[in-house]
Structures are given as structure tokens and as C-alpha cells.
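Numbering (the working numbering), first residue to last: 83 to 336.
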């Protein structure tokens, strides 16, 4: 899995590369360039210091932009992309780099635990009870992701763009690949009156959020956590809310 140290180290390399590049073609120092807007996507060059907030801390500190009642109403109207990290597994290890990994064979991968299966059902039951319309459900090709989708929503379409890259300590180029692959999915407007659900993994989610929560993005935890995204087209999106598996039930009362 993507760890804090690996993330900071990788982004520090990016910052170092930026400082060596000198001034840009207009004569402005590269260090004074404006940072990207909060709705941009991709991995940019950011200065990393000892006070850098980790992706885990960004997740812990995230504050929803709407009160629950307003959020519930907005979700009922549709128009959002909802990124769900797969539900709990028995153990946490980087099967994406295992030489035995076979996406067609669940026995070579991490699989949902009993608690994870229960959480996946809880997510789906809460969303249904709250009257939140479910449109497309798109999952990675990993068993724990599409099993979460099936248990929650009873359907899914697989998309390899939500898969892991074969890395645990990923490079800046890997993070940018995640952003390039996932940002189109997060920025695409759902069919009118519905919400699109993406069921995926931690590292792709953190990679694609590195520009909206620089420099380390948001590391989505615990397993089963959801981020509600407002798509804005052309690779742009805005993070709206974080919802835990048990919290979906509360929306039915709002």
C-alpha cells in the first residue's frame, strides 16, 4: 500500500527536479508559479517540507462542505461521482506486486473478510434506504472491489483504469498515471438524476487527489470509506464529503 514515507519521498524528488529546472521561458522563477486550482487534476511540483501533512492526516482532517441534510438532498437529486474504497479484507498487503497475482483468480488476491462483506451490504442498504439514485457502478478488476460493488449495488462494470499499478513505493510518474487514468472518471457528469459509483483502491484515489489536496493527496481510510465528488468536466472535480460505511444509514433519516 502507499505509505506516508514513500509518498513524501517521491514528491520530494519531484520538488528537487523542479528546483533544478531554473526559470521558465517568461523569466519567472519556477518556484513562484501559481499553484493549480482546487479543481485541477494531475501531479504538480510542490515543495515538501518537514511540516508536510500526510495523506493519512488529510483524510483524518477532511471537513465535509455541506451539512448532512443538504448533502442527502443533493445526492437524491443526482449528479455526483461517489468513490468507494473496497470494503475490509482479512489482511492488508500489496498483492499488486505479487508474482502470483492473477486478476481472474481471487485466490491470488486479498479478499473481503466477513466484516467487509457486511460493510458492503451496509453501504448498499443505507444508500437504498436514503433514496439515493444509483446509476453506473464501475469497479476495478480486483475481486475485493467488484465483490464490494456486487454486495452493495448488485451490479458492476469493470474498468482497468481503477486498477493498481504494479508498485508499492510508487514514483512520481506512477502517481501521475493514477491521476491521468482516474480523473476522467471523477470528472464525468452522470446520467441525469443518478449518481455514478466508482469502487476502487487507496493508491489510485490518493494519486488523483494530489492536486486538490497537495502535496500528498488524501489517503482514503478505513476500507469502505467513500468520497463524494462533484464532477466538473475535462478532468476537473471537487471533493465534497467523506462518508463512512455506517454513516449511510443516517441519511435515510434526513
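Backbone N, C-alpha and C fix where the C-beta goes; we use that ideal spot for every residue, glycine too. This structure is a prediction, so every number in the text was calculated from the model and none was measured.
Return the CA-CA distance between residue 145 and residue 188, expressed in angstroms with no decimal places.
-> Residue 145 and residue 188 have their C-alpha atoms some 36 Å from each other.
So, helix, strand or coil for residue 259, using DSSP?
-> In the three-state DSSP reduction, residue 259 falls in the helix class (H, G or I).
Residue from 308, 317 and 314 whose Cα sits closest to the Cα of residue 208 | Among 308, 317 and 314, the Cα nearest to that of residue 208 is on 308.
Cβ neighbours of residue 264 in the same chain (closer than 6 Å, five flanking residues each side left out) | Excluding positions up to five away in sequence, the list reads 286 and 290.
Distance between beta carbons of residue 280 and residue 214, contact taken as under 8 Å = That belief does not hold up - the Cβ atoms of residue 214 and residue 280 are roughly 15 Å apart, past 8 Å.
When burial is assigned at 16 or more other CB atoms within 10 Å of the CB, is residue 142 buried or exposed?
-> It is exposed - the Cβ of residue 142 has fewer than 16 other Cβ atoms within 10 Å.
Can you give the Cα-Cα distance for residue 322 and residue 191, rounded to whole angstroms?
-> When the Cα atoms are used, residue 322 and residue 191 turn out to be separated by approximately 32 Å.
What residues in its chain sit with their C-beta under 8 Å from that of residue 228, if we drop five residues either side in the sequence?
-> Excluding sequence neighbours, residue 228 sits near 221, 222, 238, 240 and 281.
With burial defined as no fewer than 16 other Cβ atoms inside 10 Å of the residue's Cβ, what is the status of residue 328: buried or exposed?
-> Under this definition residue 328 is an exposed residue.
Residue 313 vs residue 163 beta-carbon contact at 7 Å | Using a Cβ distance threshold of 7 Å, residue 313 and residue 163 count as a contacting pair.
Helix, strand or coil at residue 323 [DSSP, three-state] | Strand at residue 323.
So what does DSSP say about residue 226, is it helix, strand or coil?
-> Residue state, collapsed to three classes: helix.
Looking at residue 167 and residue 193, is the spacing between their C-beta atoms short of 7 Å?
-> No.
In DSSP terms, what residue 51 is bridged to = Beyond the ends of the chain as shown, which are 83 and 336, falls residue 51; an answer cannot be given.
Which listed residue (257, 154, 170 and 149) has its alpha carbon closest to that of residue 303 = Checked all of 257, 154, 170 and 149; the closest Cα to residue 303 is 170.
Under a Cβ-count criterion, where at least 16 other Cβ atoms within 10 Å of its own Cβ denotes burial, should residue 333 be classed as buried or exposed?
-> Residue 333 counts as buried, since at least 16 other C-beta atoms from the protein chains shown sit within 10 angstroms of its C-beta.
In angstroms with no decimal places, state the Cα-to-Cα distance between residue 130 and residue 244.
-> In this prediction, residue 130 has a pLDDT of 41, which is less than 50 and means its spatial position is unreliable; nothing more can be read from the coordinates.
Take the Cβ of residue 294 as the centre, count every other Cβ of all protein chains shown within 10 Å, and call the residue buried at 16 or more, exposed below.
-> For residue 294, the number of other beta carbons within 10 angstroms of its own is at least 16, and it is reported as buried.
In whole angstroms, what separates the C-alpha of residue 185 from that of residue 159?
-> Distance between the alpha carbons of residue 185 and residue 159 is about 36 Å.
Would you say residue 269 and residue 217 are within 7 Å of each other, going by their C-beta atoms?
-> No, Cβ-Cβ distance for residue 269 and residue 217 is not below 7 Å.
So what's residue 284 in DSSP terms, helix, strand or just coil?
-> Look at residue 284 here: in three-state DSSP terms it is helix.
Residue 115 to residue 152 span [Cα, whole Å] | Here residue 115 scores only 38 on pLDDT, less than 50, and its place in the model is too uncertain to base an answer on.
Sequence-distant residues of the same chain with beta carbon closer than 6 Å to residue 211, five excluded per side | The residues are 334.
In angstroms, rounded to a whole number, what distance separates the CA positions of residue 310 and residue 324?
-> Their backbone Cα atoms lie some 6 Å apart in a straight line.
From the DSSP output, in three-state form, read off residue 187 for me.
-> The DSSP-derived three-state label of residue 187 is coil.
Inter-residue spacing [alpha-carbon to alpha-carbon] between residue 200 and residue 183 | About 25 Å.
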